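Engineer: What follows is a structure written as C-alpha cells; I'll ask about it next.
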Amino acid sequence: MGSFFLTWLMATISLSITAFIVPGLRVDSIPAAAVAAIVLGLVNAIVKPILTILTLPLTILTLGLFLLVVNGISLSLAGYFTPGLEVAGFWPAVIGAIVLSLVSSFISKFVSQTEESENV
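Under our numbering, the letters of the sequence shown match residues 410 to 529, in that order.
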C-alpha cells in the first residue's frame with residue numbers, strides 16, 4: 410500500500426514539474442495535479458493499450474515513433490477529463506508526454522537510489 414502512495418506522489422510531482430516546464434500545459438494546484446495523476450494512470454491503464462493495438466501498423470511503419478503521439482493523446486484525454494489540468498493542443502501534449510516521461514524516470518531513479526541506500 411505504501412508503494413502505491415509513493416508512486417502516486419511521484420506522478421503528482423512529475424506532472425507539476427512538467428506543467429511548469431512545458432508551455433501549453435497547465436495545472437491549477439497540487440490537489441488538481443494529484444487528481445490528474447490518478448486520471449492519467451487510469452487512462453494509461455485502460456485507453457492506452459487499446460490505442461496501441463489499434464495503431465500498431467502505424468507504429469511499426471514509423472519504427473515506434475508513433476507511440477509518442479499515443480502518449481500525447483493519453484495526456485490530452487487526461488486533460489479533458491480532469492478539471493484542473495489543461496492541455497492547449499497537440500504539440501504541447503506530445504512534448505508534455507515526452508517531458509513527463511523524462512521527469513518521471515529521473516524522480517523514480519532518485520527515489521529508488523534513496524531506498525537502496527536506506528536498506529544497506
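All residues carry an ideal CB built from backbone N, CA and C; glycine is no exception.
All values derive from a computational prediction rather than experimental measurement.
1. In chain order, which continuous runs of the beta strand (DSSP E) of length 3 or greater are located wholly inside the stretch 438 to 506?
2. Going by Cα to Cα distance, which pick from A445, L463, T464, G433 is closest to G419?
3. How many Å lie between V520 and T461 at the Cα?
4. Apply the 10 Å Cβ neighbour rule to G498 and answer buried if 16 or more other Cβ atoms are within range, or exposed otherwise.
5. Could you have a look at V512 and say whether DSSP puts it in helix, strand or coil?
6. Leaving out the 5 sequence neighbours to the left and right, which residues in its chain are closer than 7 Å to S517 when beta-carbon positions are compared?
7. Using the C-alpha atoms, what's the distance from V456 back to S425?
8. Near S438, what residues of its chain come up, given a Cβ to Cβ distance below 8 Å and the 5 sequence neighbours on each side ignored?
9. Taking P458 as the reference, which of P432, N480, V508, L472 has the closest Cα?
Structural biologist: By the coordinates alone:
1. 494 to 496
2. Position check: residue 419 holds Met in this sequence, whereas Gly was assumed. Measuring from the Cα of M419, the nearest candidate turns out to be A445.
3. 29 Å
4. exposed
5. helix
6. M419
7. 22 Å
8. G493
9. N480
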